[in-house]
Amino acid sequence: MIKQEQLIKLYKEACICDVQAFKPGNVSVYNEGHDMTVDDFILSAEVSAAAIANTAYSLGEKIYYAVKATREAVGCNTNLGIILLCAPLCQAAYQQKDDQSLRESLAVVLKNTTIADADWAFKAITLAAPGGLGESSEQDVSEHAVVTLVQAMEIASEKDRIAKQYTTIYKDIFEFSVLRYNDAFVKFDDQAWAASAVFTGLLSKFPDSHIERKYGDKYSGWVRKQIFTVDDALLNTNTPEQLVPMLHEVDRLFKEKGINPGTTADLTVATVLVILMEAFAVRCTS
Numbered sequence: 071m072i073k074q075e076q077l078i079k080l081y082k083e084a085c086i087c088d089v090q091a092f093k094p095g096n097v098s099v100y101n102e103g104h105d106m107t108v109d110d111f112i113l114s115a116e117v118s119a120a121a122i123a124n125t126a127y128s129l130g131e132k133i134y135y136a137v138k139a140t141r142e143a144v145g146c147n148t149n150l151g152i153i154l155l156c157a158p159l160c161q162a163a164y165q166q167k168d169d170q171s172l173r174e175s176l177a178v179v180l181k182n183t184t185i186a187d188a189d190w191a192f193k194a195i196t197l198a199a200p201g202g203l204g205e206s207s208e209q210d211v212s213e214h215a216v217v218t219l220v221q222a223m224e225i226a227s228e229k230d231r232i233a234k235q236y237t238t239i240y241k242d243i244f245e246f247s248v249l250r251y252n253d254a255f256v257k258f259d260d261q262a263w264a265a266s267a268v269f270t271g272l273l274s275k276f277p278d279s280h281i282e283r284k285y286g287d288k289y290s291g292w293v294r295k296q297i298f299t300v301d302d303a304l305l306n307t308n309t310p311e312q313l314v315p316m317l318h319e320v321d322r323l324f325k326e327k328g329i330n331p332g333t334t335a336d337l338t339v340a341t342v343l344v345i346l347m348e349a350f351a352v353r354c355t356s
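To get the numbering used here, take the position in the sequence shown, counting from 1, and add 70.
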């Protein structure tokens, strides 16, 4: 079992890695954008960490109070997707038994979500981004929940990649992006560049929900084409620093069109958190 103070540390580290990684279209130490700054994201991580790692909170309370702290600190939605993905991981890491993998523990957490969890999450989503989860006749986030949190995510899963993780026990992360991170880290020996490789890999594989909520599929093929070139270059180099000019150009093209692959960035943070949690578990048992 991981302690609360360690959960806080690992969560913050994953969030800081996010802004250190060059992810075209997103805010990073390389380029800011979308009326948000690196400091906004670092402050968001700082203020949301205590709530998301609070072992006394239910899953829904973790989500709500982390979003509330963020909103009060920065006044905008910097990390709703990060919180929605990382809160179940924090719960799973805390509850993990000696004979369980992190993913097995996560499966238990997701199986046992409640209507109360959904209510808390709906309040968080409304606070961060009105409309969020619920443009559905079955369950809208502006109303009281009548389904569990996982059931609500299942309703949204066809249109939202974060919601889909709740229904697949984070398949994209455990079966693709963790492997991508590990391969890249072995090659680059650098956490931020490994995270960049996760981002480009995910975005070249899956359309970004945040982009498609704003533009439909208008840019989906174009985004995939642009990022595939970067992803291929990352896969075929041992010196990713040489690709910085290419990444700057794609970043410029995305931001000129107002394109922000935010869901992909959120999945990248969750991937790094999984890596850190699993590494911590290995250190504790060795």
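Think of the CB as a built atom: it goes at the ideal place given N, C-alpha and C, for glycine as much as any other residue.
Sorting N330, V216, K257, V179 by C-alpha distance to the C-alpha of A186 places V216 at the top. The three-state secondary structure of M106, taken from DSSP, is strand. Taken in chain order, the region 316-351 contains no complete beta strand (DSSP E) segment of 3 residues or longer.
Within its own chain, the residues whose Cβ lies closer than 6 angstroms to the Cβ of D278, once the five positions on either side in sequence are excluded, are P331, T333, T334, listed in chain order. In the three-state reduction of the DSSP assignment, H214 falls in the coil class.
G328 counts as exposed, since fewer than 16 other C-beta atoms from the protein chains shown sit within 10 angstroms of its C-beta. In this structure, DSSP gives M71 a state outside helix and strand, which the three-state scheme calls coil. Contact annotation: the region 127-147 does not touch the region 312-329, with fewer than three C-beta pairs closer than 8 angstroms. Of the residues C87, A222, N124, Y240, the one whose Cα lies closest to the Cα of S175 is Y240. Membership of K181 in the alpha helix (DSSP H) is indicated by the continuous run 172-181. Scanning the region 263-297 for uninterrupted beta strand (DSSP E) segments of 3 residues or longer gives nothing; none is fully contained.
If you ignore the 5 residues before and after V108, its C-beta comes within less than 8 angstroms of the C-beta of V89, V97, S98, V99, E102, all in its own chain and listed in chain order.
The region 109-129 makes no contact with the region 283-297: fewer than 3 CB pairs, one atom from each, lie closer than 8 angstroms.
CA-CA distance, V211 to A267, rounds to 34 angstroms.
Excluding sequence positions up to five before and after A264, its CB lies within less than 7 angstroms of the CB of Y251, A254, F255, F258, all in the same chain and listed in chain order. In this structure, the alpha-carbon of A143 lies about 20 angstroms from that of C87. Beta-carbon to beta-carbon, L172 and A162 are separated by about 6 angstroms, close enough to satisfy the 8 angstroms threshold. By the criterion of at least three beta-carbon pairs nearer than 8 angstroms, the region 226-244 is in contact with the region 148-155. W292 sits exposed, since fewer than 16 C-beta atoms from the chains shown fall within 10 Å of its C-beta. Rounded to the nearest angstrom, the gap between the Cα atoms of S247 and K93 is 15 angstroms.
Contact between D336 and L155 holds: CB atoms are separated by about 6 angstroms, below the 8 angstroms threshold.
For K138, the enclosing alpha helix (DSSP H) stretches over residues 129-144.
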